[in-house]
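Data block below; observations after.
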Amino acid sequence: MKAIQMREPGGPEVLTLVDLPAPEIRSATDVLVRLEAAGVNPVDTKIRARGTLVPETLTAVLGCDGAGVVEAVGEGVTRFQPGDAVWFCHGGLGGPHGNYAEYIVVDERIAQPKPASLDFVQAAAAPLVLITAWEALYDRAALHAGQRVLIHAGAGGVGHVAIQLACLAGARVATTVSSAEKARFVQDLGADYTINYREESLRDGLADWTEGRGVDVAFDTVGPAVFRETIPLMAVYGDLVTILDPGHDLDLKEARNRNLRISLELMLTPQLGGLTEALDHQGKILRRCGELFDAGKLRIQVAESFPLEQAAAAHRRLEAGGAVGKYVLRIG
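To convert, note that position 176 of the sequence shown is 176 in full-length UniProt numbering; the numbers rise steadily by one, no gaps.
This is the structure in structure tokens:
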């Protein structure tokens, strides 16, 4: 099969189109998927640059998100049959099992029926960011109706689905953007208040929007500097969730004074740890999101798609920043 492989850490140029043996069904609950598309995520670029997350592996086929058609099933599979369209988040952390390839094998509990309203490119763009945003807002912060939430980088992959999930929960949403175009985009998704961080004061804007109280929930998708900047913007007893390492030199005095609950979100933990119950929970998240897509209550934005052989170009575009939505590789 055709696949994009990295043999050592480095820049986008280490991503090489190769021929690899197609994976085989080895377990009774395995599902062989012929991939039509694969999502491209920041974690892919980090693994490519720094090395795999799976110990003792140097080479890797990257790609955590996949969407495609079931080609064959193990003898114990009950949920799928050949010809079924599926989507999932699995693989891509090290070794040959990633989605930048023509085929992948996943356990049937990992794969979920693809929403009928999404094509394969859209479906491949969605799983990782959906699960990340869902776990951050609903599982970590317990977001509920009437709260005010700040979502950083609202036009990004995670941010633009987080806005929609927050709105579905009945929260009021403020978000940061870097342009008027992105402001229009997030407002169309349901954001109540946008702040162009290049031109406006985030502190002053949120003080006005919350009448000095601060936001009940904040979701950091950017990194340490933004995480630190967000602490004094929080309401007392608020929830601050980040998907990144907040840094080693963090002063939490203000967070303690505000009695904040700080949560770390890494949706890859169940896969890294082989946590069956957590993987099942993530499957339920995808099934629920599929229902929301098909009901017209959720949408995914694809910034651009690339053919598989242009994976390096997709990585360069992602690392350049400024994307509205997600990048995707077309395989089928």
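For each residue, glycine too, the CB sits at the ideal point set by N, CA and C.
- Beta-bridge pairing by DSSP links residue 305 to 328.
- Per DSSP, residue 269 has no beta-bridge partner at all.
- For residue 257, the enclosing alpha helix (DSSP H) covers residues 253-257.
- By the 16-neighbour rule on beta-carbons within 10 angstroms, residue 52 is buried.
- Its chain contains 1 as the residues whose beta carbon lies nearer than 8 Å to that of residue 21, once the 5 sequence neighbours on both sides are disregarded; these appear in chain order.
- Non-local C-beta neighbours of residue 123 in its own chain, meaning closer than 6 Å and more than five positions away in sequence, comprise 67, 87 and 114, ordered along the chain.
- For residue 34, the enclosing beta strand (DSSP E) starts and ends at 30-40.
- Here the C-alpha atom of residue 112 lies approximately 7 Å from the C-alpha atom of residue 287.
- Within the DSSP secondary-structure output, residue 87 pairs in a beta bridge with 67 and 112.
- Residue range 202-209 is occupied by the alpha helix (DSSP H) that includes residue 205.
- Two segments are said to touch when three or more pairs of C-beta atoms, one from each, lie closer than 8 Å; by this definition the segment 93-100 touches the segment 29-40.
- Membership of residue 188 in the alpha helix (DSSP H) is indicated by the continuous run 180-189.
- Taken atom to atom, the span from the alpha-carbon of residue 301 to that of residue 270 is near 26 Å.
- Contact between residue 272 and residue 93 holds: their C-beta atoms lie close to 7 Å from each other, under 8 Å.
- Taking every protein chain shown into account, the CB of residue 41 has 16 or more other CB atoms within 10 angstroms, so this residue is buried.
- The alpha-carbon of residue 218 is positioned some 14 Å away from that of residue 193.
- CA-CA distance, residue 318 to residue 209, rounds to 32 Å.
- Exclusion of the five residues before and after residue 203 leaves no residue of its chain whose Cβ lies closer than 6 Å to its Cβ.
- The alpha-carbon of residue 43 is positioned some 13 Å away from that of residue 222.
- Secondary structure note for residue 131: its alpha helix (DSSP H) is the uninterrupted segment 127-134.
- Per the C-alpha coordinates, the member of 16, 23, 244 and 306 positioned closest to residue 104 is 23.
- Comparing C-alpha distances from residue 160 to each of 145, 147 and 137 shows the shortest one belongs to 137.
- DSSP places residue 219 in the strand class (E or B) of the three-state scheme.
- Rounded to whole angstroms, the Cβ separation of residue 148 and residue 171 is 7 Å, and the two are in contact under 8 Å.
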